[in-house]
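In numbering that gives the first Met the number 0, the protein residues as written are 0 to 191. Heads up, the beta-carbon is just placed ideally off N, CA and C, and yes, glycines get one too. As the structure is a prediction and not an experimental result, all values here were calculated from the model.
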Amino acid sequence: MTTKKILEAKRPDGQPVFDFTNLEQFSAICYAIQTVDDMDVAQSILRRSHHLTTVHLSRFARAIVSSMNTLKKLTFENIMDEELADVLSGLCDELEEMVGKNVLEDLEIFVFILPETDYETGDEWGRLDEILGKSGWSALKRVSLEITIWTYGRPEDDDLERDLRALPQRQFPNLSSGKTVDFHFDVKQVFI
0 MTTKKILEAK
10 RPDGQPVFDF
20 TNLEQFSAIC
30 YAIQTVDDMD
40 VAQSILRRSH
50 HLTTVHLSRF
60 ARAIVSSMNT
70 LKKLTFENIM
80 DEELADVLSG
90 LCDELEEMVG
100 KNVLEDLEIF
110 VFILPETDYE
120 TGDEWGRLDE
130 ILGKSGWSAL
140 KRVSLEITIW
150 TYGRPEDDDL
160 ERDLRALPQR
170 QFPNLSSGKT
180 VDFHFDVKQV
190 FI
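Written out as structure tokens, the structure reads:
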């Protein structure tokens, strides 16, 4: 029996065995290759949780919209590797759905870039700035974006760090202005 089936099991009276409606905190951290079942389980719990105030996700950005009326803190982690095309793994799509209908106060994003990943900074970060720069984030007080490059000490990683450090000026004009939210941005290399 899959985890999803267990979580969706019903009692003899038809009520769910596991009731997530009053769940206030949820964390789903998965750094290994995730299966469709892993995502289905996380999404199933998120869809049935209507009182979440804190969510911590890795690669599970989908389905947070169901808690947008109560969600105050969202922490999102993602590991960037050769197979992942979207550095924010669908987070921007979820945030787009939340514009004007949320009470989010604190957004933390942690991105880890694996060694020898040939990642080039494109315009994908600008979409995050565009979405959070719209009106409709009246409760948002703080956005933190921390990028960690895991490295073996390749010279290319120094170039990547330099390019990433330039992101606030190039792709985060709204957040960097500091007019509406406290924006924290950091890039670091970790030698492994």
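Can residue i and residue j be called in contact, C-beta distance under 7 angstroms?
| i | j | result |
| --- | --- | --- |
| Ala138 | Val102 | yes |
| Asp39 | Lys3 | yes |
| Leu87 | Leu70 | no |
| Val54 | Phe17 | no |
| Arg126 | Cys91 | yes |
Using C-beta distances below 7 angstroms, list every residue in its chain close to residue i, excluding the 5 sequence neighbours before and after it, in chain order.
| i | result |
| --- | --- |
| Leu113 | Ile78, Met79, Asp80, Trp149 |
| Phe190 | Thr150, Gly152 |
| Val180 | Leu139, Lys140, Arg141, Val142, Leu174 |
Relative to the C-alpha of residue i, which residue among the options is closest?
| i | options | result |
| --- | --- | --- |
| Pro154 | Ile130, Gln14, Glu129, Asp117 | Asp117 |
| Glu95 | Val86, Phe111, Glu76, Met67 | Met67 |
| Pro124 | Ser175, Ile5, Lys9 | Checking the sequence, you will find Trp at residue 124 rather than Pro. It is Ser175 whose Cα lies nearest to the Cα of Trp124. |
| His183 | Glu145, Leu163, Arg10, Arg161 | Glu145 |
| Asp258 | Val180, Ala41, Asp122 | The structure shown has nothing for residue 258, since the chain only spans 0 to 191. |
| Trp136 | Pro15, Glu115, Leu106 | Leu106 |
| Ser134 | Lys178, Asp158, Gln42 | Lys178 |
| Gln42 | Asp85, Asp157, Gln168, Glu93 | Glu93 |
Tell me which same chain residues have a C-beta within less than 6 angstroms of the C-beta of residue i, skipping the five on either side of it?
| i | result |
| --- | --- |
| Phe19 | Ile44, Arg47, Ser48 |
| Thr147 | Phe111, Lys187, Val189 |
| Glu108 | Note that residue 108 corresponds to Ile in the displayed sequence, not to Glu. Excluding sequence neighbours, Ile108 sits near Phe75, Leu144. |
| Leu56 | Ala27, Phe75 |
Alpha carbon to alpha carbon, what distance is there between residue j and residue i?
| i | j | result |
| --- | --- | --- |
| Arg10 | Asn21 | 18 angstroms |
| Asp128 | Lys100 | 18 angstroms |
| Glu104 | Glu7 | 31 angstroms |
| Gly132 | Phe171 | 9 angstroms |
| Ile130 | Glu160 | 24 angstroms |
| Glu115 | Asp185 | 20 angstroms |
| Ala27 | Gly89 | 15 angstroms |
| Ile5 | Pro15 | 10 angstroms |
| Asp85 | Pro167 | 19 angstroms |
| Asp157 | Arg164 | 11 angstroms |
| Asp12 | Arg169 | 57 angstroms |
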